Amino acid sequence: MDELKALVAKSNGTAERAMDAFSRAFSLGQKPDYKARMKKNIEEAYNVRFGKKEPVDSWIATAVAKPFVNPQTPIAPITDPEPVKTDATSSAPTTPAPAKPAAPIKPAQAAKPGDKQ
């Protein structure tokens with residue numbers, strides 16, 4: 001299982017490196033057919049990486065705002081966090097309810113002369 005997770009992490013890193021390069025090509029491109037082809041490449045790589053095609057436009061904007069990655073550096077594997085395992089018998093959230101603050105304690109008042117105790 002660890003071997004499979006390592007391969008998935010390597011695939012994720014490769015997809016993100018490709019999306020970064022295609023995003024920069026898309027942003028710098030001038031011909032509409034070239035830009036359309038680069039956007040299609042980004043969408044396909046994004047679908048491989050995240051399993052969906054949206055929100056590609058915001059990913060492109062974020063990618064081109066970052067410094068350019070040296071293409072000669074090794075691709076870093078990217079692992080996604082493990083999904084949270086839930087109890088199949090309960091559909092309620094597992095987070096405990098916040099504790100209510102204790103009521104403030106009123107200071108005792110001194111007895112006045114002549115008061116009965």
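Positions 1 to 117 (our numbering) are the ones given, in order, by the sequence shown.
Ideal placement from N, C-alpha and C gives every residue a C-beta, glycine not left out.
Computed from a prediction, not measured in an experiment: that's the story for all the values here.
Let me know the secondary structure DSSP gives residue i once reduced to three states.
i: N70; result: coil
i: V84; result: coil
i: A76; result: coil
i: M1; result: coil
i: G13; result: helix
Measure from the alpha carbon of residue i to the alpha carbon of each residue in the options, then state which is nearest.
i: R24; options: A76, P32, F50, I42; result: I42
i: E16; options: Y34, I75, A36, K39; result: I75
i: A63; options: F26, K35, K40; result: F26
i: V48; options: V84, T14, P83; result: T14
By Cβ distance below 7 Å, which residues in the same chain neighbour residue i in space, the five residues on each side in sequence not counted?
i: V56; result: I42, E43, Y46
i: A36; result: none
Grab me the residues of residue i's own chain with a C-beta within less than 6 Å of its C-beta, minus the 5 sequence neighbours each way, in chain order.
i: K39; result: F26
- [ ] Say whether the region 57-71 touches the region 1-10, bearing in mind that this needs 3 or more beta-carbon pairs closer than 8 Å, one atom from each stretch.
- [x] No: fewer than three Cβ pairs fall under 8 Å.
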